[in-house]
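Undergrad: Here you go, one structure.
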């Protein structure tokens with residue numbers, strides 16, 4: 001069966017510090033991978049998605065970046081965090097070729113920037 | 115951009131009652147999905163309804179889709195305290211991305 005792991009679960013970082021959130025998927029090959037951000041009490045905003053190694057599409061301009069160094073690994077990074085980067089970050093995957101199919105989510109990473 | 119808008123934003127009912135949540139959207143879609151999110155957790159897929167379908171059932175869940183009105187509803191019958199969560203609709207279109215609404219927070223009182 002497929003599983004998705006996301007870490008760290010919680011993170012408190014000072015403004016201007018770097019960020020690295022990691023997501024890995026097991027039990028499937030060549031998944032589509034996604035990073036979403038959820039502000040408190042709000043819906044999900046798509047940040048990045050990837051259909052293959054090294055292929056990243058960015059949805060919104062920001063100081064975040066994403067990378068996919070391996071087929072089932074997706075990393076969200078920042079060189080210098082802003083207060084506005086605080087939020088709940090969710091990684092998700094879907095079956096390759098089904099961009100609007102069912103999404104499988106990780107448990108999320110809660111980032112607080114102080 | 116957010117396409118789906120859920121209504122109501124918050125809903126509080128007694129255990130055993132039915133809960134109905136609505137979702138409206140603006141553009142043409144290929145499918146509409148409903149997800150559930152327990153507080154502080156990831157989202158879990160509940161049901162997908164395609165644009166050529168009008169109604170779908172899964173256990174205590176019933177989803178309807180009216181493409182002429184660009185709206186969908188999620189009905190949870192015989193609600194339980196464990197159904198307490200936030201529920202999101204998400205629309206899939208030819209853009210190749212799922213766009214999520216703001217969600218409905220459901221509280222089921224025991």
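Protein chains in written order, with my numbering: chain A, 1 to 114; chain B, 115 to 224.
Even for Gly, the Cβ is constructed at its ideal location relative to N, Cα and C.
#1: Applying the 10 Å Cβ sphere with the 16-neighbour rule, what's the burial state of residue 154 (chain B)?
#2: When the Cα atoms are used, what is the spatial distance from residue 96 (chain A) to residue 31 (chain A)?
#3: Name the residue from B:201, B:139 and B:188 whose alpha carbon lies nearest to the alpha carbon of residue 132 (chain B).
#4: If the cut is a Cβ gap below 8 Å, which residues of chain A does residue 207 (chain B) touch?
#5: Determine whether the Cβ of residue 116 (chain B) lies closer than 8 Å to any Cβ atom of chain A.
#6: I'd like to know if residue 105 (chain A) contacts chain B, where contact means its C-beta is closer than 8 Å to some C-beta of that chain.
#7: Within the chosen definition, does the segment 55-70 of chain A reach the segment 156-171 of chain B through at least 3 CB pairs nearer than 8 Å?
#8: Between residue 49 (chain A) and chain B, is there a C-beta pair that is closer than 8 Å?
#9: Buried or exposed for residue 212 (chain B), going by 16 or more other Cβ atoms inside 10 Å?
#10: Using beta-carbon positions only, say whether residue 205 (chain B) and residue 127 (chain B) come within less than 8 Å of one another.
#11: Name the chain A residues that come within less than 9 Å of residue 145 (chain B), Cβ to Cβ?
#12: Taking Cβ positions, are residue 33 (chain A) and residue 50 (chain A) nearer each other than 8 Å?
#13: At what residue ranges does the segment 150-201 of chain B contain a whole run of the alpha helix (DSSP H), taking only runs of 4 or more?
TA: Per the coordinate set shown:
#1: On the second chain, residue 154 (chain B) is found 40 positions in, with the first residue counted as 1. Exposed, since its Cβ has fewer than 16 Cβ neighbours within 10 Å.
#2: Here the question's residue 96 (chain A) lines up with position 96 in the first chain. Here the question's residue 31 (chain A) lines up with position 31 in the first chain. Rounded to whole angstroms, residue 96 (chain A) to residue 31 (chain A) spans 5 Å at the Cα level.
#3: Taking the second chain and counting its residues from 1, the one referred to as residue 132 (chain B) is at position 18. Comparing Cα-Cα distances from residue 132 (chain B) to each of B:201, B:139 and B:188, the minimum goes to B:188.
#4: Reading the second chain from its first residue, position 93 is the one you call residue 207 (chain B). In chain order, 100 make up the part of chain A whose C-beta sits under 8 Å from the C-beta of residue 207 (chain B).
#5: In the second chain, the residue the question calls residue 116 (chain B) occupies position 2. Reliability fails at residue 116 (chain B), whose pLDDT of 45 lies under 50, so the model's placement of it is uncertain and no value is given.
#6: The residue labelled residue 105 (chain A) in the question sits at position 105 within the first chain. Chain B, which has a Cβ nearer than 8 Å to the Cβ of residue 105 (chain A), makes this yes.
#7: Taking 8 Å as the limit for Cβ pairs, the verdict is that the segment 156-171 of chain B does not touch the segment 55-70 of chain A.
#8: Along the first chain, one-based indexing puts residue 49 (chain A) at 49. Yes, its Cβ sits closer than 8 Å to a Cβ of chain B.
#9: Reading the second chain from its first residue, position 98 is the one you call residue 212 (chain B). Result: buried.
#10: Position 91 of the second chain, counted from the start, is the residue given in the question as residue 205 (chain B). Position 13 of the second chain, counted from the start, is the residue given in the question as residue 127 (chain B). In this structure, residue 205 (chain B) keeps its C-beta atom at 8 Å or more from the C-beta atom of residue 127 (chain B).
#11: Counting from 1 along the second chain, the entry for residue 145 (chain B) is found at position 31. Per Cβ cutoff of 9 Å: 100 and 101.
#12: The sequence position of residue 33 (chain A) within the first chain is 33, counting from 1. The sequence position of residue 50 (chain A) within the first chain is 50, counting from 1. It is a contact, given that the beta carbons lie within the stated cut-off.
#13: none
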